[in-house]
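Each residue of the sequence shown is one higher than the one before, starting from 0 at the first, in numbering that gives the first Met the number 0.
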Amino acid sequence: MLSYEVVEHGKPLQARIRETPVPQGSEVLIRITRSGVCHSDLHIWEGYFDLGGGKRFYVKDRGCVPPFTCGHEPYGVVEAMGPQAQGVKLGDRRLVYPWIGCGTCPVCLGGHDNYCLSQRFLGVVKPGAYATHVVVPDSRYLIDASGIDEAWAATLACSGLTAFSAISKLPRLAARDWVIVLGCGGLGMAAIAMMRAQGITNIVACDVDATKLEHARAQGASAAVDTREPDALARLQAVTGGAIAGALDFVGMPATANLGIAALAKGGHYVLCGLFGGEITMPLPPIAQRGISVRGSYVGSLDELKAVVALARSGKLQPSPVEVRPASEVNRSMEELRDGKVIGRVVLDFEHTNPDRVV
Numbered sequence: 000m001l002s003y004e005v006v007e008h009g010k011p012l013q014a015r016i017r018e019t020p021v022p023q024g025s026e027v028l029i030r031i032t033r034s035g036v037c038h039s040d041l042h043i044w045e046g047y048f049d050l051g052g053g054k055r056f057y058v059k060d061r062g063c064v065p066p067f068t069c070g071h072e073p074y075g076v077v078e079a080m081g082p083q084a085q086g087v088k089l090g091d092r093r094l095v096y097p098w099i100g101c102g103t104c105p106v107c108l109g110g111h112d113n114y115c116l117s118q119r120f121l122g123v124v125k126p127g128a129y130a131t132h133v134v135v136p137d138s139r140y141l142i143d144a145s146g147i148d149e150a151w152a153a154t155l156a157c158s159g160l161t162a163f164s165a166i167s168k169l170p171r172l173a174a175r176d177w178v179i180v181l182g183c184g185g186l187g188m189a190a191i192a193m194m195r196a197q198g199i200t201n202i203v204a205c206d207v208d209a210t211k212l213e214h215a216r217a218q219g220a221s222a223a224v225d226t227r228e229p230d231a232l233a234r235l236q237a238v239t240g241g242a243i244a245g246a247l248d249f250v251g252m253p254a255t256a257n258l259g260i261a262a263l264a265k266g267g268h269y270v271l272c273g274l275f276g277g278e279i280t281m282p283l284p285p286i287a288q289r290g291i292s293v294r295g296s297y298v299g300s301l302d303e304l305k306a307v308v309a310l311a312r313s314g315k316l317q318p319s320p321v322e323v324r325p326a327s328e329v330n331r332s333m334e335e336l337r338d339g340k341v342i343g344r345v346v347l348d349f350e351h352t353n354p355d356r357v358v
């Protein structure tokens, strides 16, 4: 098998030929056809998360020790099965749920593998989908997404799922309420489409890039605000009449967090998904006085991903912009994502990758 691996943090990924795994027990070997490139992969590539104040969380402490294969948006074909594997057959094309927990703790048994403390996340603590093959512990993590474009379907495993789960944490919205989307990259675009599919139309796109704001409007945002402007908060209040019930932050840096929290109406919810990094300081009394909620949301559950796939199949969900590139362009894709040059999502094509021709 071929995999593109982080050999040294911050340096270009290297192509490596490895022994193709043989699935054991209930394991299923998936031959990857499409693999999404996600902003979270940048943190693994760089080797740390910025906790603010000069503090860092190093991914090696989570088990991401080079050489390591990233990639947590896998779509592919069942190529081999362990002797106890059931529920799929050879040749089935499946979307892979990558946020796999231990499977036995109360959190996993409650359906929330994504919050398991003994995680087996593909591309995060286990070898991921920047490769021609990946091993999935059990077929229960394989979802039939037939009828959906495979490149777009791959992105549903993270960006689509993350957006869907974050939206579910908003308060019940009245007709006058607005939601602001902070960051209009792949996640923000997915969230706008998800909300429109669920009948939410009062959406303000917020970003520092005029091109991304233009695409966000095309995706369904009712208004757009350039958050570089010094009066960005006042403009948000003017556009929404002060009725901002929710702020979805897909950046996760001090500037977006402070703006999102400050913009909320009383009783509003700020939901943090982005992992850009940093820290904020908040006075405590106004949190109670305004009745606001500040909470995090990390990817989503297996059942939520199934709901996302069903929504995509319904035809109500507008696909986000997706560019398919040869797998060999993984480094260019990572660099452009880091530099903010990607509109929507980039998905790597492994189906037409020949390991024998990789130098």
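We put the CB at the ideal spot given by N, CA and C, even for glycine.
Contact under 7 angstroms by Cβ, residue i with residue j
i: Thr-68; j: Pro-136; result: no
i: Lys-168; j: Ser-300; result: no
i: Ser-25; j: Gln-83; result: yes
i: Val-95; j: Leu-28; result: no
i: Cys-157; j: Cys-37; result: yes
i: Met-188; j: Gln-236; result: no
i: His-42; j: Gly-122; result: no
i: Val-124; j: Pro-65; result: no
i: Arg-344; j: Ser-319; result: yes
i: Phe-120; j: Trp-151; result: no
i: Leu-310; j: Leu-316; result: yes
i: Arg-33; j: Ala-153; result: yes
i: Pro-7; j: Tyr-74; result: Reading the sequence as shown, one finds Glu at residue 7 and not Pro. No; because the gap between Cβ atoms is not below 7 angstroms, this pair is not in contact.
Distance, residue j Cα to residue i Cα
i: Ser-2; j: Val-238; result: 48 angstroms
i: Val-361; j: Leu-155; result: Nothing in the structure corresponds to residue 361, since the chain is present only between 0 and 358.
i: Gly-90; j: His-132; result: 14 angstroms
i: Arg-92; j: Thr-161; result: 23 angstroms
i: Leu-13; j: Pro-284; result: According to the sequence displayed, residue 13 carries Gln and not Leu. The straight-line gap from Cα to Cα measures roughly 51 angstroms.
i: Gly-86; j: Ala-144; result: 15 angstroms
i: Glu-278; j: Asp-348; result: 37 angstroms
i: Arg-216; j: Ala-173; result: 22 angstroms
i: Gln-23; j: Ile-142; result: 20 angstroms
i: Tyr-140; j: Tyr-57; result: 28 angstroms
i: Gly-241; j: Ala-262; result: 8 angstroms
i: Cys-104; j: Asp-112; result: 9 angstroms
i: Arg-55; j: Gly-146; result: 42 angstroms
i: Lys-59; j: Glu-78; result: 31 angstroms
i: Ser-39; j: Gly-159; result: 14 angstroms
i: Ile-291; j: Pro-11; result: 43 angstroms
i: Met-194; j: Arg-17; result: 42 angstroms
i: Met-129; j: Val-346; result: Correcting the residue type first, residue 129 is Tyr in the shown sequence and not Met. So the two alpha carbons sit approximately 10 angstroms from each other.
i: Asp-49; j: Lys-88; result: 43 angstroms
Residues that residue i bridges to, as DSSP identifies them
i: Trp-177; result: Ile-243
i: Asp-230; result: According to DSSP, which records beta bridges pairwise, Asp-230 is partnered with nothing at all.
i: Asp-248; result: Leu-181 and Leu-271
Those runs of the beta strand (DSSP E) which lie wholly inside the region 268–299 and span at least 3 residues: Given a length threshold of 3 residues, each whole run of the beta strand (DSSP E) inside the region 268–299 is given here in chain order: 268–271 and 292–295.
Three or more C-beta pairs closer than 8 angstroms, one from the region 261–269 and one from the region 244–251: is that the case here? With a cut-off of 8 angstroms, the region 244–251 and the region 261–269 count as touching, because enough Cβ pairs lie within range.
Residue ranges of each alpha helix (DSSP H) within the region 17–67, 4 or longer: 39–45
Pair every Cβ in the region 205–213 with every Cβ in the region 273–284, then say whether three or more of these pairs are closer than 8 angstroms. no
Could you tell me which whole alpha helix (DSSP H) segments of length 4 or greater appear in the region 310–350? Qualifying alpha helix (DSSP H) stretches, in chain order: 329–337.
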